[in-house]
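Which chain is which? The protein sequence lines are A and B, in order.
For the first sequence, the numbering used here assigns the number 539 to the initial residue and increments by one for each residue that follows.
For the second sequence, the numbering used here assigns the number 1133 to the initial residue and increments by one for each residue that follows.
A short write-up of the structure that comes next.
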Amino acid sequence: MDNTEKEYAPLINQLKSLKAVKASDKFRERVALEMIPSLPSSASWLYLPTLSMRLAITCLLLIILGGGGLVFAAEKSYPGEPLYPVKKAIENVKLSLSKNPAVKMLLYLDNADKRIEELKETIKKDNNKEIKNITSDYESQVKEAVKEIKDIKDEKEHIIKKVNQQLENQSKRLEEIQQAAPTTFVPAIQKAIETSKEEQKALEPKEIPDLQPIR
Amino acid sequence: MISWLTNKFKAVDTISDSILIRRIKRGDRNAFGKLYLKYLDAIYRYIYFRVRQDRQTAEDLSETVFFKAWEHIKTFEEKEGTFKPWLYMIAKNTIIDYFRKPQKTVPLKESLPYDGDSIEEKLIKDHEVKDLKHALNLLTDEQKQVITLKYIEEMPNYEIAKILDKNEEAVRALQSRALKKLRDILK
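Take a look at the structure:
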């Protein structure tokens, strides 16, 4: 112990007691059950043991893709833009590479969220054809997400609750978009809202009817 | 639930960070889960004392730190240093980004009511500790960091120097000033 620490020993001991400050069990559990299983799988794509292998693959990708920013730019694209098909292709590849139903479910919900953002932007551009494609895709993503739940074995009840919350949040956002949208777009958005609400209902536990007494 | 988690990520302490990191780089989420359990509380505390002891913010930012760690694990070169300072640097940058955004004021005089308080937190809510936590809030950001890292997390000065991007002498000087200020506040 140096001189400073000797001089302040009682204070330092008090400070050590603050090690009792910890993240709550609820938070710890939530991250372990939700965030970690849903981490994107890009780490496994790109891990290469040696620097020379990494350099070789990077150069090849740059040649093929014509620029390192292509994938990044695609993520920011909207329907009707040239890079939008790349964005969709990346989504499909992520889904096909994922075996875990919880991860697939989260990827579908994430795609559904993206469709809502795209809807908001595309309405501004007044592109009726794209609006219908987006809302239709939104409905597919939500239905696929809910389908994956049946294959989830661990913590199903907890996951259903979280999915319901997310679908509810998505319905609200769609309703806000619908209120501000031109009349021509309202039916397509309404259909998307109805799909979201139907899927929420499908997740509710089914009531077992009372057995009639035998007379 | 917690015992399930504990069983699932059993033997955390027996697997070295470097083995876990190699597995994480191959996309092993289970290995990442072990690392997360090992470092969560330390990262949480580091953030907690820097964001005026706001639990919710500390949790949100802790989650961001681990997500970023996963995203950037392939850029981590083991020979450059241990994993722990690297993780703390991510936490440091995450806090910098957080402070850049407009903040709502969290009153200093209370810990906000929070139903997620652990049993340990409830036990330590006595008068002296409250005063100490309040005094910590009155330090500068750099002083808070050195106090947290040195005396709460018990990190060696060379690791703290790496995280703060200072030399060890500067770190020692900061510690000395911070301890003096704390003592003066608590008198």
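We put the beta carbon where it would ideally sit given N, CA and C, even for glycine.
Excluding its 5 nearest sequence neighbours in each direction, Glu686 of chain A has C-beta neighbours in its own chain below 6 Å: Pro639, Lys642, Met643, listed in chain order. Chain A places no beta carbon closer than 8 Å to that of Val1278 of chain B, leaving this residue out of the contacts.
Here Arg1184 of chain B carries a coil assignment [DSSP, helix/strand/coil].
In this structure, Ile1284 of chain B places its C-beta atom within 8 Å of the C-beta atom of Arg1177 of chain B.
Taking a Cβ-Cβ cut-off of 8 Å, the neighbours of Gln552 of chain A in chain B comprise Glu1260, Val1261, Leu1264, given in sequence order.
Going by C-alpha positions, Tyr1171 of chain B is about 23 Å away from Gln1307 of chain B.
Taken atom to atom, the span from the alpha-carbon of Tyr1168 of chain B to that of Val701 of chain A is near 24 Å. Less than 8 Å divides the Cβ of Val1197 of chain B from the Cβ of Ala1223 of chain B. Between Ser1194 of chain B and Ile1205 of chain B, the C-beta spacing is not below 8 Å.
As the crow flies, the alpha-carbon of Ser1148 of chain B is around 27 Å from that of Ile1279 of chain B.
Between Ala570 of chain A and Gly1159 of chain B, the C-beta spacing is not below 8 Å. Out of B:Ser1150, B:Ala1163, B:Arg1161, B:Ile1227, the CA that lies nearest to the CA of Asp1273 of chain B is found in B:Ile1227. Counting the other Cβ atoms within 10 Å of the Cβ of Val559 of chain A gives 16 or more, which makes it buried. Residues of chain B whose Cβ lies closer than 9 Å to the Cβ of Ile574 of chain A are, in chain order, Arg1161, Asn1162, Phe1164, Gly1165, Tyr1168, Phe1198, Trp1202. Contact between Leu1219 of chain B and Ile1153 of chain B is ruled out by a C-beta separation of about 11 Å, above the 8 Å threshold. Scanning the segment 627-669 of chain A for uninterrupted alpha helix (DSSP H) segments of 4 residues or longer gives 639-663, listed from N- to C-terminal end. For Ala683 of chain A, not one C-beta of chain B is nearer than 8 Å to its own C-beta. Within chain B, no C-beta atom comes less than 7 Å from the C-beta of Val624 of chain A; the nearest is roughly 20 Å away. By the Cβ-count criterion, Phe1231 of chain B is exposed, with fewer than 16 other Cβ atoms from all chains shown falling within 10 Å of its own Cβ.
Within chain A, the C-beta atoms nearer than 7 Å to that of Arg1177 of chain B come from Val559, in chain order.
With 16 or more other CB atoms across the displayed protein chains lying within 10 angstroms of its CB, Ala683 of chain A is buried. In this structure, DSSP gives Arg1158 of chain B a state outside helix and strand, which the three-state scheme calls coil. Sequence-distant partners of Ser576 of chain A (beyond 5 residues in either direction) whose C-beta falls short of 6 Å from its own C-beta, in its chain, are Val641, Leu644.
Less than 8 Å separates the beta-carbon of Leu1270 of chain B from that of Ile1317 of chain B.
One alpha carbon belongs to Glu545 of chain A, the other to Leu1311 of chain B, and they sit about 10 Å apart. Not a single CB atom of chain B sits nearer than 8 Å to the CB of Phe723 of chain A.
At least one beta carbon of chain A lies nearer than 8 Å to the beta carbon of Gln1307 of chain B. Distance from the CA of Thr722 of chain A to the CA of Pro617 of chain A, rounded to the nearest whole angstrom, comes to 18 Å. Per DSSP, Lys1312 of chain B is one residue of the alpha helix (DSSP H) stretching across 1300-1318.
Rounded to whole angstroms, His696 of chain A and Lys663 of chain A show a C-alpha spacing of 39 Å. Rounded to whole angstroms, the gap between the alpha carbons of Thr1207 of chain B and Pro578 of chain A is 16 Å.
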